[in-house]
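For reference, the structure discussed in these notes is given below.
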Amino acid sequence: MKKLFLCLLFVAPALFSCENSDDTLFEESADTRLNAALASYEKLLVDAPYGWNAIIYPKGGGTYGFHFKFNDQNRVVMYSDFSAETAAKPKESSYRLKAMQTPSLIFDTYSYLHILSDPNPDVNGGGVGEGLQSDFEFSIFPDSLKEETVTFVGRKNQSRLVLTKATQAQATAYANGDLAKAVLFNNISKYQTYFKRITVGNITYEITPNQQTRTIKLTWLEGNVPKNFTTGYYFAGASLIFLKPLVNGSQTINGFTNFTWNANPTQLRFSAGGANTVVQEAIKPLSVDIAAVRRWWQEPVESGGDWRTEFGFHVNGVDDAFGVKDLEYEDKQYAYYSYVPGGDTRYEVFSPIFFTADALFQEYGHLGEPPTFTADGRIILTARGTFGAVPTSGPAINSVNLLYEKSGYYLIQTSETTYDMVSAKDAKAWISWE
């Protein structure tokens with residue numbers, strides 16, 4: 067014990083001396099240095115004379131474009147490509163730079179940036195309680211600060227925010243409403259058919275945009291062989307910009323520009339790959355995936371699961387055309403619609419699922435015969451009967467009548483775990499399964 071005490075007596079001064087030595091490494095205190103760093107970050111943001119073009123990559127997927135103009139009064143004016151309104155109307159809010167676990171840039175009043183993080187799915191189409199899993203507080207790392215480009219990382223969801231110094235022409239374009247012109251592309255969703263095509267040069271592409279995930283799929287034929295290309299996109303200035311270009315032989319498409327929109331008749335025009343084109347409706351796929359119908363039907367048979375949809379049928383340009391989300395059963399609320407393939411031994415089951423605070427319930431539904439798979443890649447579903455107290459009118463009856471439409475459906479695989487079932491009659495009705 068005495069030896070230990072003596073050792074501590076000798077060690078303590080050494081430690082104390084070392085600590086004093088650390089303090090003398092810098093002429094200024096840690097707080098002073100930190101405040102100076104924050105001031106330099108603010109100067110970098112404010113001194114960009116024409117503001118910053120920005121791209122944010124939320125954790126939940128997609129890519130969104132912004133334009134920011136910061137001032138030295140902790141105010142920022144922004145445009146966003148989220149919607150036609152946010153693209154046309156500038157919004158001013160506040161920001162601040164603050165020392166947290168790392169120096170941070172915080173957008174601290176509700177702004178266009180917050181729309182992506184809003185927990186209400188009616189605001190951005192994201193998940194309940196989490197939105198699109200984006201951020202409005204960002205960590206700053208000195209190594210990511212460049213004169214022309216600055217990269218931030220979201221503190222909660224690790225969204226990546228990339229700012230690039232804007233030119234005078236770009237700032238003028240935002241002020242003149244050019245971003246709103248680019249967002250005219252979103253009117254492609256107003257076409258009533260699921261399938262849409264454009265012709266660029268002498269190549270016809272089937273164009274399938276997903277405005278939720280901010281992706282575009284282009285499909286074309288080389289002989290009879292289908293080729294596919296998928297990329298993310300965002301809007302900047304008057305253009306829709308691909309995250310990666312499509313190179314198809316001598317043709318290169320980096321995105322679309324020069325948008326015009328006519329609501330009656332429905333007509334969206336733009337330029338792609340140096341050529342003008344117009345979006346045309348089509349009632350069947352450019353190339354039918356013959357095996358897709360059996361893949362869709364077989365997966366739940368093998369796994370013992372089901373296919374689910376929250377919104378039911380999209381018809382003639384209207385989501386949830388029959389209002390299935392308004393269904394109720396006694397004290398139970400609507401959860402989703404389910405389709406359970408029966409395999410070789412059981413009937414198919416199509417039914418709404420209801421819920422209370424602690425359980426799910428299948429109160430009624432429709433039974434179907436085993437489906438018919440046609441040689442041209444359609445599935446035809448046939449009614450058999452019902453179970454439970456099936457309503458005689460309303461969303462459930464309207465939905466099942468369309469499900470059993472005699473022309474059947476094409477199945478379009480949209481990801482490893484999702485399919486769209488599209489009416490083979492006119493492609494103006496479809497249902498998305500997951």
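Going by our numbering, the sequence shown runs without a break in its numbering and finishes at 500. All C-beta atoms, glycine included, are put in the ideal place defined by N, C-alpha and C.
Beta-carbon separation (whole angstroms), residue i vs residue j, contact threshold 8 Å
{"i": "LEU393", "j": "ALA462", "result": "7 Å"}
{"i": "GLN199", "j": "GLY303", "result": "That belief does not hold up - the Cβ atoms of GLN199 and GLY303 are roughly 27 Å apart, past 8 Å."}
{"i": "ALA493", "j": "THR259", "result": "4 Å"}
{"i": "ASP147", "j": "LEU245", "result": "6 Å"}
{"i": "VAL466", "j": "PHE420", "result": "Wrong, their Cβ atoms sit about 17 Å apart, outside the cutoff."}
{"i": "PHE427", "j": "LYS398", "result": "6 Å"}
{"i": "ALA232", "j": "TRP363", "result": "With 8 Å as the limit, ALA232 and TRP363 do not qualify as a contact, their Cβ atoms being about 52 Å apart."}
Among the options, the one whose alpha carbon lies nearest that of residue i
{"i": "ILE121", "options": "ALA441, VAL381, TYR299", "result": "TYR299"}
{"i": "GLN479", "options": "VAL384, PHE421, ALA357, ASN101", "result": "ALA357"}
{"i": "ILE349", "options": "TYR178, GLN167, PHE301, GLY474", "result": "GLY474"}
{"i": "ARG444", "options": "TYR430, GLU471, LEU426, ASP424", "result": "GLU471"}
{"i": "PHE377", "options": "GLY131, TYR403, SER159", "result": "TYR403"}
{"i": "LEU179", "options": "PHE204, GLU288, GLY340", "result": "PHE204"}
{"i": "ILE206", "options": "GLY408, GLU365, GLY243, TYR107", "result": "TYR107"}
{"i": "GLY191", "options": "LEU306, TRP362, GLN278, ALA341", "result": "GLN278"}
{"i": "GLY371", "options": "TRP499, ILE319, SER149", "result": "TRP499"}
{"i": "ALA329", "options": "THR458, THR217, ILE254", "result": "ILE254"}
{"i": "PRO457", "options": "VAL313, HIS432, ASN101", "result": "HIS432"}
{"i": "TYR123", "options": "LYS164, LYS157, LEU182", "result": "LEU182"}
{"i": "THR175", "options": "SER160, TYR271, LYS293, ILE273", "result": "SER160"}
{"i": "ALA441", "options": "VAL354, LEU104, GLY389, ALA114", "result": "VAL354"}
{"i": "PHE336", "options": "GLN346, PHE325, LYS256", "result": "PHE325"}
{"i": "ALA423", "options": "GLY434, ASP410, PHE134, ALA401", "result": "ALA401"}
{"i": "ALA105", "options": "ILE264, SER170, ARG361", "result": "SER170"}
{"i": "LEU447", "options": "GLY454, PHE453, THR438, ILE307", "result": "THR438"}
{"i": "GLN333", "options": "ILE282, LEU250, VAL112", "result": "LEU250"}
{"i": "ALA103", "options": "GLN234, ASN276, ARG361, THR168", "result": "THR168"}
Status (buried if at least 16 other CB within 10 Å, exposed otherwise) for residue i
{"i": "TYR485", "result": "buried"}
{"i": "GLU482", "result": "exposed"}
{"i": "LYS262", "result": "buried"}
{"i": "VAL488", "result": "buried"}
{"i": "THR285", "result": "buried"}
{"i": "PRO208", "result": "exposed"}
{"i": "LYS247", "result": "buried"}
{"i": "ASP89", "result": "At ASP89, the pLDDT of 47 sits below 50, so the modelled position is not reliable; the number obtained from the coordinates is stated separately. By the neighbour-count rule (16 or more Cβ atoms within 10 Å), ASP89 is not buried but exposed."}
{"i": "MET144", "result": "buried"}
{"i": "THR152", "result": "buried"}
{"i": "ARG412", "result": "exposed"}
{"i": "GLY195", "result": "exposed"}
{"i": "ARG280", "result": "buried"}
{"i": "GLN236", "result": "buried"}
{"i": "GLY220", "result": "buried"}
{"i": "LYS256", "result": "exposed"}
{"i": "LYS135", "result": "buried"}
{"i": "SER316", "result": "exposed"}
{"i": "LEU100", "result": "exposed"}
Sheet register partners of residue i (DSSP bridge)
{"i": "PHE322", "result": "LEU306, ALA338"}
{"i": "GLY197", "result": "GLY193"}
{"i": "HIS380", "result": "TRP496"}
{"i": "LEU502", "result": "Given that the chain is displayed from residue 67 to residue 500, the structure contains no residue 502 and the question cannot be resolved."}
{"i": "GLN479", "result": "TYR485"}
{"i": "GLN333", "result": "ASN328"}
{"i": "GLU414", "result": "GLY434"}
{"i": "GLY451", "result": "LEU433"}
{"i": "ASN294", "result": "THR285"}
{"i": "ILE122", "result": "TYR130, LEU227"}
Three-state secondary structure assigned by DSSP to residue i
{"i": "LEU100", "result": "helix"}
{"i": "VAL456", "result": "coil"}
{"i": "TRP496", "result": "strand"}
{"i": "ASN137", "result": "coil"}
{"i": "ILE254", "result": "helix"}
{"i": "ILE273", "result": "strand"}
{"i": "SER465", "result": "helix"}
{"i": "GLU288", "result": "strand"}
{"i": "ILE206", "result": "strand"}
{"i": "THR168", "result": "coil"}
{"i": "GLN399", "result": "strand"}
{"i": "ALA490", "result": "coil"}
{"i": "LEU352", "result": "coil"}
{"i": "LEU211", "result": "strand"}
{"i": "LYS222", "result": "coil"}
{"i": "LYS472", "result": "coil"}
{"i": "GLN278", "result": "coil"}
{"i": "SER149", "result": "coil"}
{"i": "PRO311", "result": "strand"}
{"i": "TYR176", "result": "coil"}
{"i": "LYS247", "result": "helix"}
{"i": "CYS84", "result": "Unreliable placement is indicated for CYS84, whose pLDDT of 42 sits below 50; the coordinate value is still reported in the next sentence. DSSP places CYS84 in helix when its eight states are reduced to three."}
{"i": "LYS391", "result": "helix"}
Min CB distance residue i to chain B below 8 Å
{"i": "VAL219", "result": "No chain B appears in this structure, which consists of one protein chain only."}
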